[in-house]
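Have a look at the structure below before the remarks.
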Amino acid sequence: MIGEGLITGIGRGTMAAWRELGGITVLTGQVLRALVPPTMDRPELLRNLYRMGNRSLPIIALTAFFVGGIMVVQAGVLVRQLNAAGLVGWGAGYAIFREVGPMLIALMFSGRVGSNNTAELATMTVTEQLDGLRALAIDPIRYLVVPRVLAMTICLICLVILGDIIALYGGALFAMLVLDLEYATLHYSLVDNIGWLDFIHGVVKAGVFGAAIAMSSCYFGVSVRGGAVCVGKAVNAAVVAAAISIVLLDFFLTYLLP
Amino acid sequence: MSEPGRTAIDVHDVQLRLGHRQVLQGLHLKVAEGGRLGILGPAAGGKSVLLKLLVGLLQPDAGRVEIRGTDLSSGDEKVLMRVRRDIGMLFQNYALFDFMTVGENVAFPLARRGDVEADEIRDRVEARLRSVGLAGSAHKMPSELSGGMKKRVGIARATIARPALVLYDEPTAGLDPVTTQKMYDLLSADQEETGCTVLAVSSDVKALMGFASELALIHEGRIRYAGSSSEIADSSDALVRQFVSGSEDGPL
Ligand SMILES: Nc1ncnc2c1ncn2[C@@H]1O[C@H](COP(=O)(O)OP(=O)(O)OP(=O)(O)O)[C@@H](O)[C@H]1O
Ligand SMILES: [Mg+2]
Chain A
1 MIGEGLITGI GRGTMAAWRE LGGITVLTGQ VLRALVPPTM DRPELLRNLY
51 RMGNRSLPII ALTAFFVGGI MVVQAGVLVR QLNAAGLVGW GAGYAIFREV
101 GPMLIALMFS GRVGSNNTAE LATMTVTEQL DGLRALAIDP IRYLVVPRVL
151 AMTICLICLV ILGDIIALYG GALFAMLVLD LEYATLHYSL VDNIGWLDFI
201 HGVVKAGVFG AAIAMSSCYF GVSVRGGAVC VGKAVNAAVV AAAISIVLLD
251 FFLTYLLP
Chain B
1 MSEPGRTAID VHDVQLRLGH RQVLQGLHLK VAEGGRLGIL GPAAGGKSVL
51 LKLLVGLLQP DAGRVEIRGT DLSSGDEKVL MRVRRDIGML FQNYALFDFM
101 TVGENVAFPL ARRGDVEADE IRDRVEARLR SVGLAGSAHK MPSELSGGMK
151 KRVGIARATI ARPALVLYDE PTAGLDPVTT QKMYDLLSAD QEETGCTVLA
201 VSSDVKALMG FASELALIHE GRIRYAGSSS EIADSSDALV RQFVSGSEDG
251 PL
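Protein sequence lines, in the order shown, are assigned to chains A and B. Residues in the first sequence are numbered from 1 upward in steps of one, following the working numbering. Residues in the second sequence are numbered from 1 upward in steps of one, following the working numbering.
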């Protein structure tokens, strides 16, 4: 009996997941169609860029700084054992640019900006503001969703670039304080071994994660049905969906990208 | 803008199911261009749903909805957008944009058209807010307003672009009797000035009878009465008579 309940539960969950995925795909199609030619609301785009960037900058700078530190401190054990001080800059840079930077910053961004965006859109949906726009002959996808998707994608790319730099300096600082390494050692270890490709690998990931966060956050916002309780559920679903997509996409991108 | 004699609203045998409920069951309605129709009826009868159908926010399962000669039933977004440009709607729950000030909300329908100068927009918003009794509230956010004030901002937003068809869902709910009368006077004056077609849903039977000479009563998704407001009290239908008189004895 328990087994049966479990199987029904899994079946129902899978169906729901496919339905949401279908919904996100349809919304993505609508957003792409609205982008050629780009007919969105420019003031809305700028307003969102400013708001989202402002809101997430402090928390992302803080995270990035300590992530750099953690990586170096963790590496410290190996460095001492193997006497491999020359590898610290390379190791930290490689991991930060390609994996840790985009992934952690995307997760923070999703929690800070994505959830907020879902709550906002969901509240607007349940209070009939989207219908209000439609009744005024405004397409809410073009007016509300497209600028937010663009803003979130652009924002995350910029934040990851900035976060990378902050994480590197955070790492360098901790390496000098904790591991007694010279700045020059770190510097040459990094620039001699890390290329543009590593950096671009991370930036491409940031763009993809940004779009994924934006799509799931907007989808759960505009597709909410019911009242205020459902707003909370939508936020929850959006954050979970974003986290899952970030992890899955990261796996595939690491595999596919050079 | 409007051509008297033409049919502004033509709803033909509309069926609509929402969730598990058959909300509209064969609803017919016709309103001539420049006409004024009051819609009343018990709660959950389908009045708000009917208004949403008229702006294409809902699509009928069967039947036909025509607005000023354009069939909305196809659900084609381009057609809907064109029709909506000539419609002003007040939602029962206001649907004010909460990320904009009151002034921006009222200006929105004009600003989106792109062919009105900023100065003119500002003047017209000010005038509109003054006429609904909210002069000086332009800089406030909707969350700072009372229910009755939100309603009046909604009325201002629905009418500022002088649409050919205006739909009011409960324009006076939450307003005191004096303000109610003032609002209906304003709606009348607006209509006389622009010649628009007006549809007003209200549960305030007396005030609505004073405003509209034609009334329609919707009950459980059907029209139970359609005719002049002076004769509704003497309708042969006991349900209609009970609703209008407000007595407790009867089929309702
Ligand atoms: N989106 C929806 N999903 C499911 N059912 C709905 C939806 N919208 C309305 N209904 C149902 O349709 C019926 C008619 O609703 P409507 O809002 O039109 O009533 P109304 O006549 O405007 O009532 P009131 O005077 O209380 O505003 C109600 O039973 C309502 O539960
Ligand atoms: Mg209603």
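The C-beta atom is built at its ideal place from N, Cα and C for all residues, glycine as well.
Nearest-angstrom beta carbon gap, residue j and residue i [assumed within contact, 8 Å]
i: Ala-211 (chain A); j: Thr-153 (chain A); result: 5 Å
i: Met-183 (chain B); j: Ile-155 (chain B); result: 7 Å
i: Phe-258 (chain B); j: Phe-97 (chain B); result: One cannot answer for residue 258 (chain B) here, as it falls past the ends of chain B, which runs 1 to 252.
i: Gly-53 (chain A); j: Cys-158 (chain A); result: 7 Å
i: Ile-141 (chain A); j: Gln-30 (chain A); result: 5 Å
i: Met-186 (chain B); j: Val-132 (chain B); result: With the sequence shown as reference, residue 186 (chain B) is identified as Leu, and Met is not the correct amino acid for it. Contact flag correct, Cβ pair sits at about 7 Å.
i: Lys-47 (chain B); j: Val-201 (chain B); result: 5 Å
i: Leu-186 (chain A); j: Gly-89 (chain A); result: 4 Å
i: Gly-34 (chain B); j: Leu-208 (chain B); result: Not a contact, Cβ separation roughly 19 Å.
i: Thr-197 (chain B); j: Arg-162 (chain B); result: No, Thr-197 (chain B) and Arg-162 (chain B) are not in contact; Cβ-Cβ is about 12 Å, not under 8 Å.
i: Gly-148 (chain B); j: Leu-175 (chain B); result: 5 Å
i: Phe-109 (chain A); j: Ile-60 (chain A); result: 7 Å
i: Leu-252 (chain B); j: Ile-232 (chain B); result: Leu-252 (chain B) to Ile-232 (chain B), Cβ: 15 Å. No contact.
i: Tyr-183 (chain A); j: Ala-167 (chain A); result: With a Cβ gap of about 16 Å, Tyr-183 (chain A) and Ala-167 (chain A) do not count as contacting.
Cutoff 8 Å; reference residue i; Cβ partners in own chain excluding five residues on either side
i: Asp-139 (chain A); result: Ala-34 and Leu-133
i: Gln-25 (chain B); result: Gln-15, Glu-220, Gly-221 and Arg-222
i: Gly-207 (chain A); result: Thr-153, Leu-156 and Ile-157
Proximity below 8 Å, CB of residue i to CB of residue j
i: Tyr-94 (chain B); j: Lys-151 (chain B); result: yes
i: Val-100 (chain A); j: Ile-161 (chain A); result: no
i: Leu-121 (chain A); j: Val-222 (chain A); result: yes
i: Lys-205 (chain A); j: Asp-250 (chain A); result: yes
i: Val-231 (chain A); j: Thr-123 (chain A); result: yes
i: Phe-174 (chain A); j: Gly-68 (chain A); result: yes
i: Ala-119 (chain A); j: Val-229 (chain A); result: no
i: Cys-218 (chain A); j: Val-113 (chain A); result: no
i: Ser-189 (chain A); j: Gly-86 (chain A); result: yes
i: Leu-6 (chain A); j: Pro-147 (chain A); result: no
i: Phe-91 (chain B); j: Glu-128 (chain A); result: yes
i: Asp-198 (chain A); j: Tyr-94 (chain A); result: yes
i: Leu-136 (chain A); j: Arg-122 (chain B); result: no
i: Leu-199 (chain B); j: Val-31 (chain B); result: yes
i: Arg-6 (chain B); j: Gly-69 (chain B); result: yes
i: Leu-248 (chain A); j: His-201 (chain A); result: no
Span separating the alpha-carbon of residue i from that of residue j
i: Val-72 (chain A); j: Val-239 (chain A); result: 30 Å
i: Leu-49 (chain A); j: Cys-155 (chain A); result: 7 Å
i: Gly-114 (chain B); j: Met-89 (chain B); result: 20 Å
i: Val-106 (chain B); j: Met-141 (chain B); result: 12 Å
i: Leu-332 (chain B); j: Thr-101 (chain B); result: Since the first residue shown for chain B is 1 and the last is 252, residue 332 (chain B) is missing from the structure and cannot be characterised.
i: His-20 (chain B); j: Gly-170 (chain A); result: 59 Å
i: Met-81 (chain B); j: Phe-66 (chain A); result: 51 Å
i: Leu-50 (chain B); j: Arg-36 (chain B); result: 16 Å
i: Arg-130 (chain B); j: Thr-179 (chain B); result: 13 Å
i: Ser-228 (chain B); j: Gly-250 (chain B); result: 22 Å
i: Leu-181 (chain A); j: Trp-196 (chain A); result: 25 Å
i: Ser-213 (chain B); j: Glu-104 (chain B); result: 34 Å
i: Asp-41 (chain A); j: Val-83 (chain B); result: 22 Å
i: Ala-62 (chain B); j: Ala-173 (chain B); result: 32 Å
i: Pro-102 (chain A); j: Val-79 (chain A); result: 25 Å
i: Leu-27 (chain A); j: Leu-253 (chain A); result: 23 Å
i: Arg-51 (chain A); j: Pro-43 (chain A); result: 12 Å
i: Val-178 (chain A); j: Asn-117 (chain A); result: 40 Å
i: His-139 (chain B); j: Val-153 (chain B); result: 12 Å
i: Gln-181 (chain B); j: Gln-242 (chain B); result: 24 Å
i: Ser-247 (chain B); j: Asp-234 (chain B); result: 14 Å
i: Tyr-255 (chain A); j: Leu-57 (chain A); result: 29 Å
Same chain only: Cβ atoms within 7 Å of residue i, ignoring 5 sequence neighbours per side
i: Pro-37 (chain A); result: none
i: Ser-216 (chain A); result: Ile-24, Ala-238, Ala-241, Ala-242 and Ser-245
i: Leu-54 (chain B); result: Ile-9, Val-65, Ile-67 and Leu-167
Residues near residue i in its chain [Cβ-Cβ closer than 6 Å; skip 5 each side]
i: Gly-56 (chain B); result: Leu-72 and Leu-80
i: Leu-217 (chain B); result: Leu-40, Gly-41, Arg-224, Tyr-225 and Val-240
i: Leu-29 (chain B); result: Val-11
i: Val-125 (chain B); result: Gly-103, Val-106 and Ala-107
8 Å Cβ cutoff, residue i in contact with chain E
i: Ala-95 (chain B); result: The structure shown contains no chain E; its protein chains are A and B.
Next item on the list: Note down, in chain order, all residues in the region 222-246 of chain A with a beta-carbon under 7 Å from any beta-carbon belonging to chain B.
Entry: none
Checklist line | Contact set between the region 43-67 of chain A and chain B, restricted to residues whose Cβ is under 7 Å from the partner | finding: none
Margin query: If the cut-off is 9 Å on Cβ atoms, which residues from the region 52-75 of chain B count as contacting chain A, listed in chain order?
Written below: Lys-52, Val-55, Gly-56 and Leu-57
Next item on the list: Identify each residue in the region 116-131 of chain A for which the Cβ-Cβ distance to at least one residue of chain B is less than 7 Å, and report them in chain order.
Entry: Thr-127, Glu-128, Gln-129 and Asp-131
Note to self: Please list, in chain order, the residues of the region 177-191 of chain A that have any C-beta partner in chain B closer than 9 Å.
What the structure shows: none
Item checked: Members of the region 135-158 of chain A that neighbour chain B once the beta carbon cut-off is set at 8 Å -> Ala-135, Leu-136, Ala-137, Ile-138 and Asp-139
Item checked: Residues of the region 95-114 of chain B with Cβ closer than 9 Å to any Cβ of chain A, in chain order -> Ala-95, Leu-96, Phe-97, Asp-98, Phe-99, Phe-108, Pro-109 and Arg-112
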